[in-house]
Amino acid sequence: MNKHWLILGLLLFVLSACNKQEERDDRPYLVILSLDGFRWDYPQMANTPTLDSLKKAGVIAESLKPSYPTKTFPNHYTMATGLYPDHHGLVDNYFHATDLNRIYSMRDREAVMDGVFYGGEPIWVTAENQGMKSATFFWVGSEAEIKGVRPTYWYQYDWTIPFEDRIDSVVHWLSLPEDKRPHLIMWYYSEPDHTGHVSGPESEELKVLVEELDTYLADFFTEMRKLPLFDKLNFIITSDHGMNATSNEKRIFIEQVIDTSQIEYMDGITPNVNIKVKEGMLDEVYADLQAAEHLHAWKHGQLPERLHYGTNIRTQDISLVA
125 MNKHWLILGL LLFVLSACNK QEERDDRPYL VILSLDGFRW DYPQMANTPT
175 LDSLKKAGVI AESLKPSYPT KTFPNHYTMA TGLYPDHHGL VDNYFHATDL
225 NRIYSMRDRE AVMDGVFYGG EPIWVTAENQ GMKSATFFWV GSEAEIKGVR
275 PTYWYQYDWT IPFEDRIDSV VHWLSLPEDK RPHLIMWYYS EPDHTGHVSG
325 PESEELKVLV EELDTYLADF FTEMRKLPLF DKLNFIITSD HGMNATSNEK
375 RIFIEQVIDT SQIEYMDGIT PNVNIKVKEG MLDEVYADLQ AAEHLHAWKH
425 GQLPERLHYG TNIRTQDISL VA
């Protein structure tokens, strides 16, 4: 009798292991690509057959509001965590983390790779904690160890790596054996944001760049369709923010608005900054900013509710937007 129970127990264990393996095999895959600064109407300005075909085959959002401030690092980490920048702590691309007595900058490798700056729980950490492998290619926050976890596969940022090489990495990850294959892949490309800043969002250079990106996407999906697990793949193509044209005539020089000797420092860059004011100078600086044209200024904790911003200690004393 004991022998029979032992055999039955082994059979149940084997069946259970098989079921778990089948569950792993049946889990879908999610591949998220962010094209930095890709404005919602760029496909209408250029010839983008790949994006047009995706629109017909899948779904497209009617609109998308980025979180405030509409900058690369805050918004990418918002997409990863589901939290507003005021809550996850990346309040700008550059800021004084007064709670840590340190400075965070997207160009500071040591800071970018230090998990102490990042609040919340990014989706790759959640995936890893659930036993699911993840892979990231330059997604904001993924170079840092957050809550003791990093993606299974990740790269240190290098803007010079061509789009084609990034495609090759995604193909490689999805071609790995099942036990090593990531089910969550998040990858990033810095265009068309760079070209938009240099040449303008409605320039001919931007149009050419968008069409080039569409060609890259065609190559990417060609490679994806070759994979045996293509039917299990889910794709999201998104962006962190849009872009509007401006001109030098619209520039505001802050030293012409306030006495800069009354402030400690300013965090961020156009169109919004956070200001740390010297002790005893807050009301005077705030009054000068309030009187200026084409500027909106709010004291800490007094920003409009719709912005979900300005309560984190890292947003300093005054938040300013042109």
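Using the working numbering, the first residue of the sequence shown is number 125, and each one after it goes up by one.
Even for Gly, the Cβ is constructed at its ideal location relative to N, Cα and C.
- Taking all protein chains in view, the Cβ of Ala415 is surrounded by fewer than 16 other Cβ atoms within 10 Å, so the residue is classified as exposed.
- Here the region 214 to 221 does not lie against the region 170 to 182, with fewer than 3 beta-carbon pairs under 8 Å apart.
- One Cα belongs to His307, the other to Arg349, and the distance between them is close to 17 Å.
- When DSSP assignments are scanned along the region 240 to 273, the uninterrupted stretches of beta strand (DSSP E) that are 3 or more residues long and fall wholly within it turn out to be 258 to 261.
- Looking from the CA of Ala185, the closest CA among Phe261, Glu288, Ile360 belongs to Ile360.
- At least 8 Å separates the beta-carbon of Trp278 from that of Ala204.
- Taking C-alpha positions only, Phe197 is separated from Arg274 by approximately 18 Å.
- By alpha-carbon distance to Tyr313, the top candidate from Gly366, Val445, Pro286 is Pro286.
- By the C-beta density criterion, His200 is buried, having at least 16 other C-beta atoms within 10 angstroms.
- With a contact defined as Cβ atoms closer than 8 Å, Leu444 and Ile399 qualify at about 6 Å.
- With contacts defined as CB atoms closer than 8 Å, Val334 and Tyr166 qualify as a contacting pair.
- Here the alpha carbons of Asp232 and Gln280 stand approximately 12 Å from one another.
- Met390: member of the beta strand (DSSP E) spanning 387 to 391, first to last residue.
- In the three-state DSSP reduction, Val155 falls in the strand class (E or B).
- At a Cβ-Cβ threshold of 8 Å, Leu413 and Ile382 count as neighbours.
- Contact between the region 150 to 162 and the region 362 to 371 is present: three or more C-beta pairs spanning the two stretches fall below 8 Å.
- The criterion of a C-beta distance shorter than 8 Å is not satisfied by Leu351 and Leu300.
- Secondary structure note for His321: its alpha helix (DSSP H) is the uninterrupted segment 317 to 323.
- Assignment of beta strand (DSSP E) within the region 405 to 430, counting only whole runs of 3 or more residues, yields 420 to 423 in chain order.
- When C-alpha distances from Gln426 are compared across Ile442, Phe354, Glu417, the shortest belongs to Ile442.
- In this structure, Tyr218 keeps its C-beta atom at 8 Å or more from the C-beta atom of Tyr433.
- Shortest Cα-Cα distance from Ala259 to any of Met310, Ser229, Glu234, Gly272 involves Met310.
- Closest in alpha carbon position to Ala181, among Phe345, Gln440, Glu336, Phe241, is Phe345.
- Taking C-beta separations shorter than 8 Å and ignoring five residues to either side along the sequence, the partners of Met405 in its chain run Gln386, Ile387, following chain order.
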